[in-house]
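**Student:** Quick one: the structure is below, and I'll ask about it shortly.
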Amino acid sequence: MSPLKCALLVGAGLAALAAGPALAQQKGGVVNVATVGEPPTLDPMVSTADLVGIITQHVLETLYTFDKNWKVTPLLAEKLPEISPDGKVYTIRLRTGVTFHDGSDMTAEDVVASLKRWTQVASRGKQTAGNIAAIEAVDPATVRITLVAPYAPLTALLAFNNSAAVILPAEKQDNPMKEPVGTGPYKLKERKPDQYIQLVRFDGYKSLPGEPDGYGGARKQYLDEIRFVPVPDANTRIEGALSGQYDYVDALPVEAFDRLKGQKATEPVLLKPFGWPVFVMNTKQGLTESRDVRLAVRSALNMEDMLAAAFGNKEFFALDAAMYPKSYVWSTDKGTEGAYNVGDPEKAAALLKKASYDGKPLRILTSRQYEFHYKMAQVAAEYLKAAGFKVDLQVVDWATLTQRRADPALWDIYITHSPFLPEPALIGMLSTSAPGWWDTPQRRAVVDAFNSEADPKKREALWGEVQRVIAADVPFIKIGDFNALSAKAPKLEGVVPAPWPYFWNASLKK
Amino acid sequence: MARYILQRFLGMLAVMFVVVTIVFVIVRVAPGDPAAVMLGPDATAQDVATLRARLGLDQPLVVQYVYFLGQLLQGDLGQSIFLDRPVTTALAERAEPTFFLTLFSILIASLIALPIGIYAAYRRGSLFDQAATTAAMLAASIPSFWLGLIFIQFFAVRFGLFPVSGYGGPDAGFLVRLQHLALPALALGVVSSALILRFTRASMLDVLGDDYVRTARSKGMGEFRVVMRHAFKNALIPILTVIGLTAALLVSGAVITETVFGLPGVGNLVVSAVLRRDYPVIQGALLVIAALYVLINFAIDMLYLVVDPRVRY
Amino acid sequence: MAASAPTAGNSERVRLLGLLLKRRTVVVGLVVLGLIAALAILAPLIAPYAPNKLSVVNRLKPPGGTWLFGTDEFGRDVFSRTIYAGRLSLLVGGAVVVMAAVLGVTLGLCAGFFRRLDTPIARIIDAMMAFPDILLAIALVAALGPSLVTVIVALGIVYAPRLARIVRASTLVIRELPYVEAARALGVSTPRIMTRHVLRNLVSPILVQGTFIFAYAMLAEAGLSFLGLGVSPEVPTWGTMIAAGRQYIGQADWMTLFPGVAIVLSVLSLQMVGDGLRDVLDPRLRKDL
Chain A
4 MSPLKCALLV GAGLAALAAG PALAQQKGGV VNVATVGEPP TLDPMVSTAD
54 LVGIITQHVL ETLYTFDKNW KVTPLLAEKL PEISPDGKVY TIRLRTGVTF
104 HDGSDMTAED VVASLKRWTQ VASRGKQTAG NIAAIEAVDP ATVRITLVAP
154 YAPLTALLAF NNSAAVILPA EKQDNPMKEP VGTGPYKLKE RKPDQYIQLV
204 RFDGYKSLPG EPDGYGGARK QYLDEIRFVP VPDANTRIEG ALSGQYDYVD
254 ALPVEAFDRL KGQKATEPVL LKPFGWPVFV MNTKQGLTES RDVRLAVRSA
304 LNMEDMLAAA FGNKEFFALD AAMYPKSYVW STDKGTEGAY NVGDPEKAAA
354 LLKKASYDGK PLRILTSRQY EFHYKMAQVA AEYLKAAGFK VDLQVVDWAT
404 LTQRRADPAL WDIYITHSPF LPEPALIGML STSAPGWWDT PQRRAVVDAF
454 NSEADPKKRE ALWGEVQRVI AADVPFIKIG DFNALSAKAP KLEGVVPAPW
504 PYFWNASLKK
Chain B
64 MARYILQRFL GMLAVMFVVV TIVFVIVRVA PGDPAAVMLG PDATAQDVAT
114 LRARLGLDQP LVVQYVYFLG QLLQGDLGQS IFLDRPVTTA LAERAEPTFF
164 LTLFSILIAS LIALPIGIYA AYRRGSLFDQ AATTAAMLAA SIPSFWLGLI
214 FIQFFAVRFG LFPVSGYGGP DAGFLVRLQH LALPALALGV VSSALILRFT
264 RASMLDVLGD DYVRTARSKG MGEFRVVMRH AFKNALIPIL TVIGLTAALL
314 VSGAVITETV FGLPGVGNLV VSAVLRRDYP VIQGALLVIA ALYVLINFAI
364 DMLYLVVDPR VRY
Chain C
4 MAASAPTAGN SERVRLLGLL LKRRTVVVGL VVLGLIAALA ILAPLIAPYA
54 PNKLSVVNRL KPPGGTWLFG TDEFGRDVFS RTIYAGRLSL LVGGAVVVMA
104 AVLGVTLGLC AGFFRRLDTP IARIIDAMMA FPDILLAIAL VAALGPSLVT
154 VIVALGIVYA PRLARIVRAS TLVIRELPYV EAARALGVST PRIMTRHVLR
204 NLVSPILVQG TFIFAYAMLA EAGLSFLGLG VSPEVPTWGT MIAAGRQYIG
254 QADWMTLFPG VAIVLSVLSL QMVGDGLRDV LDPRLRKDL
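Residue numbers (this note's numbering), protein chains in the order written: chain A, 4 to 513; chain B, 64 to 376; chain C, 4 to 292.
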């Protein structure tokens, strides 16, 4: 080694040392992430499961994503779309120089093929398909989407990470997907079902410039590897966090918070607020077809007890009648008066009488995939019985639940939950084709108005109208707000609490 | 003798055939349409019908059964719905943890049971004997999953001596795997030591009263030598048999223990397959495990033929 | 078997009972079992709270004071639930024994008595025994759909071959005994011989095996429920209680501790009694593990 080279290296080393605090993130290392289970697929288009989104967002990217304020921001697109004045033509400029994991360049052809696949296989894509007149490439770096009618949620839909409009190479559009080849900062190395999914750094990744900004902005690849380990049992996940076996542990029961506090190997990460549990009603047939019965259900329920049984301490849940909590622009109290946490068996009984209820059992479909669903169901069953309902609580596994809920003859209420979605139009239950099949003239009027309005300020007011109609019609019952708990090792840095945790930008302290 | 072996062999084939039939019946009786499961909640009735036709599910049961037998003879157990690979591959991938779990559990159980059983027989009726017999009964009364939960809480969470669950990452060496196996093997070993202990004690009691043991004693041989050289050696064959049988029984215990400890073995595979309605996997796993048991039994019979000429045929 | 007289008189029964009660383990086992059964049967009188009474404000209270065994995540009284769960756990055990006995004895007698049926039945028994019991139970419950009844049916099917094998073997011996042959020569019908002479002699081995099957069935039910493949989770059995308490280990250990101890005590006392029965009734069965 020549003296000059040596001096340069020493100099560089000193400079690096001097810059120490600013460059604190170490490159390298492997993180073990404990997840709720084995994902059914690695194709985020065909699945709406959060788990699938969490894992695949590292591998497959969308045209847009969300920044830290939940505003849509470009990812594979160069900037937000140019929308024609009539709101029907979206022109999307793509970033250039982006390559897929297989080495090929991403072009408009890939984007058009992927978006078309999305309209065919993704549930959100299929809902949108009827409103899309054409998807075409204008030039190798420009794509144009033409709509039948203005549809404001489109960009948010293209930014979502489950039922996601991910961009795949044009020649790798098989359904079912053969291998997840995308443009993301990490690529799939090995998948051993029920053991791990191993992602490694993609050296050809082209990050956005600048600083990280939520899911948007720069995506830094400090970690060499990310391993997602399925740990279906919640208690095992807690124990895995306590013993330091996993660097990040997702979806813990919030009540484990105290056990994680003051530990050496782990620390709690609370995401507040995370989402809302919901009782979805079958408005198409059976008992809950009657609005009075739906009102009776809501009047019977004591949300506070349900939330307390499911989440324990008040630190972990909030009573909230509005569809969105205060921290969101969508928060409004329109229509919520007297429509929440009523817990009045007499009122419910009177409504039941009005509906001439004949003692037919109310079939509540729930699963134990999420323990809190089942707990809320049990408390709800007691309150419903007190109001005079006959209750048939059907506890099945999640896969069975998703099958049964598709058949209106099989259920009256099913229990699920959702994170607070950045765009209310993405709430599945607002769609007439989603299980529950809520379809009334009132719904149509307010939801259509909301979806076709482009002006953000006006949309806020229009959302208040949607909420008012939901409160009056009771197609589903929001139970409250709840927080999400995860745990991370103190040495893992740069992980931001998020509904779908991501590990680009994360690093391990030596 | 050749006739006896042939008879036993044909008998084994007949049992295999019944095993296969039982598995076929159980899986066909199961509710839920495999085609609907495969396609997921978004599928249309048309899609389901097409897939049913492709899978032959629209055929009469007898036709399906004959087809199933044909596939089986070619070593084809079908394709897993959830895991996106042939069932045989899925089973092969999970064989290692189950094999080692069984092996180490048996080792631990024997290490606990043999010395205690021998000594208890030697001091028949003593306080030690009573305590050992009661302890064995206690061990057999503990649900293995409950013991597993307690072990995890103490050894893994409180003292951090062992990992809580799993089988190590992609690059884990054998030592790491061993660490992951330690607690489940201990839990399973303790629970299954009971049977071996009681059997060892009983077999030793049988031989300790025999003439040659008395003769050895009267010749002034040391007690330890009498017990180990003469008595234990003669009690060994029945004891080894019961250890072998325990190994077969362990597969049962392993189903639950693997689930508690998140070991990706065959038992865990079956439980998740049931929860995921992955019928081909349930079917394949049941078949392979039962077939192994039948084969092992046949092998033991044949071994007896070699070892013990008194076996009549 | 040959030793026991065809008609055991009253004095013989008293003698056996005396032998049985001389054993300390049997007495302890019987007392514990009796206590558990009494608690379970008298649950409505003893339980301070209804087993499903929710009281969310009082959730996860430690044992002592108002709640002897503490409360669970819904504020339900763990003591009340434990003794109510005992009813179902014991019911499952008992029902499985009855089911297994009916199936096993029928199969075993048919195999033992009708030569033509012997080989096919023996093959079926062998094939059933080739499946590890929990695994077969899991598969059967998966096929029949999980519920209290299907768990009983599944476990009954799983344990029936054990009894069938013993019954078959004994029947093969008994049918050759002089007094049975004599009865046949006198023209007594086969079903009558089976019930009169053979079943009477099978009482002891069935009783002994039944005790153990009772114990195994309780363990198996707990295992199935723990895996979420057994009795519906809102039905309190010791297994479902442990499964529910798992999430609160380290936070509310009493939720898993008490039902676990209840299982261990019941299974242990059943085994103690079964062991004593085996030694007293038929020393030769000792090796038939």
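We put the beta carbon where it would ideally sit given N, CA and C, even for glycine. These numbers were taken from a predicted model, which means no experiment stands behind them.
#1: So, using beta-carbon positions, are A:GLU463 and A:THR339 closer together than 9 Å?
#2: Between B:ASN331 and B:PRO160, what straight-line distance do the alpha-carbon atoms span, to the nearest angstrom?
#3: What would DSSP say about C:SER192, mapped onto helix, strand or coil?
#4: Any idea if A:PRO24 is buried or exposed, counting beta-carbon neighbours within 10 angstroms, 16 or more meaning buried?
#5: Using a Cβ-Cβ distance under 9 Å, would C:GLY226 count as near chain B?
#6: Excluding sequence positions up to five away, which residues of its chain have a Cβ less than 7 Å from the Cβ of C:GLY213?
#7: Take the Cβ of A:ALA549 as the centre, count every other Cβ of all protein chains shown within 10 Å, and call the residue buried at 16 or more, exposed below.
#8: Is B:SER207 close to chain A? Criterion is C-beta to C-beta, closer than 9 Å.
#9: Give a yes or no on contact between the segment 15-29 of chain C and the segment 49-66 of chain C, applying the rule of three or more CB pairs nearer than 8 Å.
#10: What is the residue span of the alpha helix (DSSP H) that A:HIS376 lies within?
#11: To which residues does DSSP link C:HIS200 through a beta bridge?
#12: Could you tell me the distance, in whole angstroms, from the CA atom of A:TYR154 to the CA atom of A:LYS91?
#13: Which of helix, strand or coil does DSSP assign to A:TRP466?
#14: With C-beta atoms as the reference, is C:THR74 less than 9 Å away from C:LEU112?
#15: Buried or exposed: which applies to B:TYR67, given that a residue is buried once 16 or more other Cβ atoms fall within 10 Å of its Cβ?
#16: Can you tell me where the beta strand (DSSP E) with A:SER140 in it begins and where it stops?
#17: Compute the distance between the beta-carbons of A:GLN288 and A:ALA437, then report whether it is under 9 Å.
#18: Among B:SER207, B:LEU303, B:PHE361, B:VAL323, whose alpha-carbon lies nearest the alpha-carbon of B:LEU260?
#19: Note down, in chain order, all residues in the segment 374-388 of chain A with a beta-carbon under 8 Å from any beta-carbon belonging to chain C.
#20: Beta carbon of B:ALA310, beta carbon of B:SER256: below 9 Å?
#21: State the Cα-Cα distance for the pair C:ASP256 and C:GLY248, rounded to the nearest angstrom.
#22: Taking A:GLU3 and A:VAL33 to be in contact with their CB atoms under 8 Å, please state how far apart those CB atoms are, rounded to whole angstroms.
#23: Give me the Cβ distance between C:ALA223 and C:ASP136, rounded to the nearest whole Å; I'm assuming they're in contact under 8 Å.
#24: Looking only at C-alpha atoms, which of A:GLY247, A:SER510, A:GLY185, A:ASP236 sits nearest to A:PRO256?
#25: Give a yes or no on whether the C-beta atoms belonging to A:GLY56 and A:VAL234 are separated by under 9 Å.
#26: Grab me the residues of A:GLN224's own chain with a C-beta within less than 7 Å of its C-beta, minus the 5 sequence neighbours each way, in chain order.
#27: Helix, strand or coil for A:ALA487 per DSSP?
#28: Using a Cβ-Cβ distance under 9 Å, would A:PRO233 count as near chain C?
#29: Identify whether B:PHE191 lies in helix, strand or coil by the three-state DSSP scheme.
#30: Do you know how far the Cα of C:ALA220 is from the Cα of C:MET102?
#31: Run the CB neighbour count on C:VAL152, radius 10 Å, all protein chains shown included, and call it buried at 16 or more, exposed below.
#32: For C:TYR87, which three-state DSSP category applies?
#33: Name, please, each residue of chain B whose Cβ falls closer than 7 Å to the Cβ of A:TYR199.
#34: State the DSSP-derived secondary structure class of B:ASN360, mapped to helix, strand or coil.
#35: Using CA atoms only, rank isn't needed, just tell me which of A:LEU97, A:LEU290, A:THR59 is closest to A:THR76.
#36: What are the complete beta strand (DSSP E) segments, minimum 3 residues, inside the segment 245-333 of chain A?
**Tutor:** Inspection of the coordinates gives the following:
#1: As a working note, residue 463 of chain A is residue 460 in the first sequence. As a working note, residue 339 of chain A is residue 336 in the first sequence. Contact: no.
#2: One-based indexing of the second sequence puts residue 331 of chain B at position 268. One-based indexing of the second sequence puts residue 160 of chain B at position 97. Roughly 10 Å separates the two Cα atoms.
#3: Against the third sequence, residue 192 of chain C aligns to sequence position 189. DSSP places C:SER192 in coil when its eight states are reduced to three.
#4: The sequence position of residue 24 of chain A within the first sequence is 21, counting from 1. The predicted model places A:PRO24 with a pLDDT of 42, which falls under 50 and marks its position as unreliable; any figure quoted below should be read in that light. A:PRO24 comes out exposed.
#5: Here residue 226 of chain C refers to the residue found at position 223 of the third sequence. Chain B contact via Cβ: present.
#6: Here residue 213 of chain C is taken as the residue at index 210 of the third sequence, counted from 1. Hits under 7 Å: VAL100, ALA104.
#7: Outside the modelled stretch of chain A, which goes from 4 to 513, sits residue 549 of chain A, for which no answer is possible.
#8: For this step, residue 207 of chain B is matched to residue 144 along the second sequence. Cβ-Cβ to chain A under 9 Å: no for B:SER207.
#9: no
#10: By 1-based counting over the first sequence, the position of residue 376 of chain A is 373. Run containing A:HIS376: 374-389, per the alpha helix (DSSP H) assignment.
#11: Residue numbering aside, residue 200 of chain C sits at position 197 when the third sequence is read from its first letter. DSSP, once it has assigned bridges, lists no residue as partnering C:HIS200.
#12: By one-based count along the first sequence, residue 154 of chain A stands at place 151. By one-based count along the first sequence, residue 91 of chain A stands at place 88. For A:TYR154 and A:LYS91, the distance between alpha carbons rounds to 8 Å.
#13: In the first sequence, counting from the first residue as 1, residue 466 of chain A sits at position 463. Reduced to three states, the DSSP call for A:TRP466 is helix.
#14: Indexing the third sequence from 1 puts residue 74 of chain C at position 71. Indexing the third sequence from 1 puts residue 112 of chain C at position 109. No. Outside cutoff.
#15: Taking the first residue of the second sequence as 1, we reach residue 67 of chain B at position 4. Its Cβ having fewer than 16 others within 10 Å, B:TYR67 is exposed.
#16: By one-based count along the first sequence, residue 140 of chain A stands at place 137. Note that residue 140 of chain A is Ala in the sequence shown here, rather than Ser. It spans 135-142 - the beta strand (DSSP E) in which A:ALA140 sits, taken as one unbroken run.
#17: Against the first sequence, residue 288 of chain A aligns to sequence position 285. Against the first sequence, residue 437 of chain A aligns to sequence position 434. In this structure, A:ALA437 does not lie closer than 9 Å to A:GLN288 by Cβ.
#18: By one-based count along the second sequence, residue 260 of chain B stands at place 197. Comparing Cα positions, the closest option is B:LEU303.
#19: GLU374, TYR377, LYS378, GLN381, VAL382, GLU385
#20: The residue labelled residue 310 of chain B in the question sits at position 247 within the second sequence. The residue labelled residue 256 of chain B in the question sits at position 193 within the second sequence. The answer is no: Cβ separation not under 9 Å.
#21: Against the third sequence, residue 256 of chain C aligns to sequence position 253. Against the third sequence, residue 248 of chain C aligns to sequence position 245. Their backbone Cα atoms lie some 8 Å apart in a straight line.
#22: This structure cannot speak to residue 3 of chain A, because chain A is shown only from 4 to 513.
#23: Walking along the third sequence from the start, residue 223 of chain C turns up at place 220. Walking along the third sequence from the start, residue 136 of chain C turns up at place 133. Between C:ASP136 and C:ALA223 the Cβ distance is about 6 Å, and since that is below 8 Å, they are a contact.
#24: If you number the first sequence from 1, residue 256 of chain A lands on position 253. When each option's Cα is compared against that of A:PRO256, the closest is A:ASP236.
#25: One-based indexing of the first sequence puts residue 56 of chain A at position 53. One-based indexing of the first sequence puts residue 234 of chain A at position 231. No, they are not a contact pair.
#26: In the first sequence, the residue the question calls residue 224 of chain A occupies position 221. The residues PRO188, ARG204, TYR208, TRP507, in chain order, have a CB closer than 7 Å to that of A:GLN224 in the same chain once the five nearest residues on each side in sequence are set aside.
#27: Locating residue 487 of chain A in the first sequence gives position 484, counting from the first residue. In this structure, A:ALA487 counts as strand in the three-state DSSP scheme.
#28: Numbered from 1 along the first sequence, position 230 holds the residue referred to as residue 233 of chain A. Not an interface residue.
#29: For this step, residue 191 of chain B is matched to residue 128 along the second sequence. In this structure, B:PHE191 counts as helix in the three-state DSSP scheme.
#30: Numbered from 1 along the third sequence, position 99 holds the residue referred to as residue 102 of chain C. Numbered from 1 along the third sequence, position 217 holds the residue referred to as residue 220 of chain C. The alpha-carbon atoms of C:MET102 and C:ALA220 are separated by roughly 11 Å.
#31: Sequence index remark: in the third sequence, residue 152 of chain C carries index 149 (1-based). Exposed: under 16 other Cβ atoms inside 10 Å.
#32: Mapped onto the third sequence, residue 87 of chain C falls at position 84. In this structure, C:TYR87 counts as helix in the three-state DSSP scheme.
#33: Reading the first sequence from its first residue, position 196 is the one you call residue 199 of chain A. Simply GLY232, PRO233.
#34: The residue labelled residue 360 of chain B in the question sits at position 297 within the second sequence. B:ASN360 falls in the helix class under three-state DSSP.
#35: As a working note, residue 76 of chain A is residue 73 in the first sequence. Of the listed residues, the one whose Cα sits closest to A:THR76 is A:LEU97.
#36: 251-255, 270-284
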